[in-house]
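Student: Read top to bottom, the protein sequences are chains A and B.
Using the working numbering, the first residue of the first sequence is number 108, and each one after it goes up by one.
Using the working numbering, the first residue of the second sequence is number 320, and each one after it goes up by one.
Starting off with a structure, shown below.
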Amino acid sequence: MATISLNHYLIVGAVLFCTGLFTMMTKRNAIGILIGVELVLNSVNVNLIAFDRYLGPNRMDGQLMALFVIVLAAAEAALAVGICINLYKNVATVDVDRATSLRG
Amino acid sequence: MPYANDVNNDLFLNRMIFNAMANSTHRTRAEGLGLRDAALIRCAQTFDHSRRLKPAAQGRAKIFPALDCLRWLNPVVGLVCLAVLVVWGPGASSVAAADTLASDVAGVTQAVPGGVLEALLFYLVAGTTVISSLGVCIAKNIVRMAVWLFVALGSVALLYLLLAANFLGAIQLLVYSGGTLVLLIFGIMLTSKSPWVRFEPHRLELLGAAVICGALLVGLCAALTGTTWHGMEEVMPGTSVAALGRRLLTVYLVPFEVAGVLLMIVMVGAAHLARQEK
């Protein structure tokens, strides 16, 4: 157990992914769902960097993909918070179950 | 001058509140919301304005002036720590070697992993990550969720440092903990006043989500432990920031530019979305 292998990091990534998924499934607050998405993106990044460290022979592809994932996550969070604020302006709540104006 | 004395001030504010209420009722009616919804929105806005009437509690910063100094000192200390980590962290000594190599491959200078210290650090950081991510999904209050997310993001940054990805660790702290999380907290603050404050799901939903996520976790762990990865015997040295940047500007040039264009589009789009309607 003294040597840390790839599987250790992958298990941490799996735990992050599952907790993020659970957060997305159970929270009604739109920003809570956004927090779950951030957890899932972080689990992907942990996996990418761990693979880059242990399997990628000095190519840094995993780290660069993780960098792009971080950029996309920041952009996604900015847009999603803007959408949440607009939702709050229109429906006066961020409960996603109450945003039903598009329901037929 | 409406601010001449307290009585005038109160009268002025009352008139403002009345105008805001009338406007909001008119607007919500025009947008097709029901009477009940309009009344609830009006209640919420009245509550908002009455809260604003109270004098702001700002005595704390005056009682403890040292805290004020600390608030300005914090980012400076954080930046210094980040710089130290990036320059002298694990795997960073290959920067000079990579510069002399003049290739896009990092210099092979040190082998970080192995040893009891790394294992201890890994278990500490991984435990913090797991506990804080569980805290995110268990917490009911949205602000507590954000604080747990802060801890989770910080410990994931430490995981990156353990994986000898110094630059990614620093970027994680800067972009996630410094940018995204602050954005999320601003979003929470701007949307927290709501007539419907109960966001709790049913027990059946909780049970279903727990079963699905638990099964997924068990399946993932079983699949991981049953897989043999090729090339696991050799351990890679740390990559340097210089090599990373060189690769980003040669092989990954097109995605780099596309990411820049995307960021600009997102900036324009977010400004448009959050714009006040006239």
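Note that CB positions come from ideal geometry on N, CA and C, so glycine has one too.
1. Can you grab the Cα-Cα spacing for the pair residue 567 of chain B / residue 578 of chain B, in whole Å?
2. Do we get a CB-CB distance below 9 Å when we pair residue 524 of chain B with the residues of chain A?
3. Show which residues of chain A have a CB atom less than 7 Å away from the CB atom of residue 441 of chain B.
4. So, is the C-beta of residue 578 of chain B closer than 9 Å to a C-beta in chain A?
5. When you compare the stretch 533-544 of chain B with the stretch 114-128 of chain A, are there three or more beta-carbon pairs, one atom per stretch, that lie closer than 8 Å?
6. Residue 569 of chain B lies in the alpha helix (DSSP H); which residues open and close that run?
7. Shorter than 9 Å from the beta carbon of residue 312 of chain B to some beta carbon of chain A?
8. Is it buried or exposed for residue 145 of chain A, if we count other Cβ within 10 angstroms and need 16 for buried?
9. Would residue 592 of chain B count as contacting chain A if we go by Cβ distances under 9 Å?
10. Give a yes or no on whether 9 Å exceeds the smallest Cβ distance from residue 502 of chain B to chain A.
11. Below 8 Å, how does it come out for the stretch 192-206 of chain A and the stretch 133-145 of chain A: are there three or more Cβ pairs, yes or no?
12. Does the Cβ of residue 158 of chain A have 16 or more other Cβ atoms within 10 Å, making it buried, or fewer, making it exposed?
13. Helix or strand or just coil, what does DSSP make of residue 460 of chain B?
14. Evaluate residue 442 of chain B with the Cβ neighbour count: other Cβ atoms within 10 Å of its Cβ, from every protein chain shown; 16 or more gives buried, anything less gives exposed.
15. When burial is assigned at 16 or more other CB atoms within 10 Å of the CB, is residue 152 of chain A buried or exposed?
16. Between which two residues does the alpha helix (DSSP H) carrying residue 146 of chain A extend?
17. Could you name the residues of the same chain whose beta carbon sits closer than 7 Å to that of residue 116 of chain A, not counting the 5 residues immediately before and after it, in chain order?
18. Quick one: using the 10 Å Cβ neighbour count with 16 as the cut-off for buried, is residue 64 of chain A buried or exposed?
19. Does residue 526 of chain B pass the burial test, meaning 16 or more other C-beta atoms within 10 Å, or should it be called exposed?
20. Name the one or two DSSP bridge partners that residue 202 of chain A has.
21. Would you decide whether residue 126 of chain A is buried or exposed? Buried here means 16 or more other CB atoms lie within 10 Å of its CB.
22. For residue 482 of chain B, which three-state DSSP category applies?
23. What residues in the stretch 530-550 of chain B have a beta carbon less than 7 Å from any beta carbon of chain A?
24. Are residue 571 of chain B and residue 171 of chain A touching if we call contact CB-CB under 9 Å?
25. Quick check: is the beta carbon of residue 569 of chain B nearer than 9 Å to any beta carbon in chain A?
26. Can you list, in chain order, the residues of the stretch 181-193 of chain A whose Cβ is nearer than 9 Å to any Cβ on chain B?
27. Please report how far the alpha carbon of residue 162 of chain A lies from the alpha carbon of residue 198 of chain A, in whole angstroms.
Tutor: Looking at the atomic coordinates:
1. If you number the second sequence from 1, residue 567 of chain B lands on position 248. If you number the second sequence from 1, residue 578 of chain B lands on position 259. Looking at the two C-alpha atoms, the distance is approximately 12 Å.
2. The residue you call residue 524 of chain B lines up with position 205 of the second sequence. Closer than 9 Å: yes.
3. Mapped onto the second sequence, residue 441 of chain B falls at position 122. What residue 441 of chain B touches in chain A: 111 and 115.
4. The residue given as residue 578 of chain B occupies position 259 in the second sequence. Yes, contact with chain A.
5. yes
6. Working through the second sequence from its first residue, we reach residue 569 of chain B at position 250. Run containing residue 569 of chain B: 560-569, per the alpha helix (DSSP H) assignment.
7. What the structure shows of chain B is the stretch from 320 to 597, and residue 312 of chain B is not part of that stretch, so it cannot be assessed.
8. The count along the first sequence starts at 1 and reaches residue 145 of chain A at position 38. So residue 145 of chain A ends up on the buried side.
9. Within the second sequence, numbered from 1, the residue matching residue 592 of chain B stands at position 273. Yes, residue 592 of chain B counts as interfacial toward chain A.
10. In the second sequence, the residue the question calls residue 502 of chain B occupies position 183. Closer than 9 Å: yes.
11. A contact exists between the stretch 192-206 of chain A and the stretch 133-145 of chain A.
12. One-based indexing of the first sequence puts residue 158 of chain A at position 51. Classification of residue 158 of chain A: buried, given that the 10 Å Cβ count is 16 or more.
13. For the purposes of this step, residue 460 of chain B is identified with residue 141 of the second sequence, where counting begins at 1. Coil at residue 460 of chain B, not helix or strand.
14. Start at 1 with the first residue of the second sequence, and residue 442 of chain B comes out as number 123. Burial call: exposed.
15. Residue numbering aside, residue 152 of chain A sits at position 45 when the first sequence is read from its first letter. With 16 or more other Cβ atoms within 10 Å, it is buried.
16. Within the first sequence, numbered from 1, the residue matching residue 146 of chain A stands at position 39. 137-161 is the span of the alpha helix (DSSP H), which, as asked, contains residue 146 of chain A.
17. Taking the first residue of the first sequence as 1, we reach residue 116 of chain A at position 9. Cβ neighbours of residue 116 of chain A beyond the five flanking positions: 153 and 157.
18. Because chain A here runs from 108 to 211, residue 64 of chain A falls outside it and cannot be looked at.
19. The count along the second sequence starts at 1 and reaches residue 526 of chain B at position 207. Label assigned to residue 526 of chain B: exposed.
20. Translated into the one-based positions of the first sequence, residue 202 of chain A becomes position 95. The partner list for residue 202 of chain A (beta bridge, DSSP) reads A:136.
21. Here the question's residue 126 of chain A lines up with position 19 in the first sequence. Residue 126 of chain A is buried by the Cβ-count criterion.
22. The count along the second sequence starts at 1 and reaches residue 482 of chain B at position 163. Residue state, collapsed to three classes: coil.
23. Flagged, chain order: 532, 535, 536, 539, 540, 543, 544, 548 and 550.
24. On the second sequence, position 252 is the one that residue 571 of chain B refers to. On the first sequence, position 64 is the one that residue 171 of chain A refers to. Cβ atoms of residue 571 of chain B and residue 171 of chain A: closer than 9 Å.
25. On the second sequence, position 250 is the one that residue 569 of chain B refers to. Any Cβ of chain A closer than 9 Å to the Cβ of residue 569 of chain B would place that residue at the interface, and such an atom is absent.
26. Here the close residues are 181, 182, 183, 184, 185, 186, 187, 188, 189, 190, 191, 192 and 193.
27. Here residue 162 of chain A corresponds to residue number 55 of the first sequence, with the count starting at 1. Here residue 198 of chain A corresponds to residue number 91 of the first sequence, with the count starting at 1. Spanning the two alpha carbons is a distance of roughly 49 Å.
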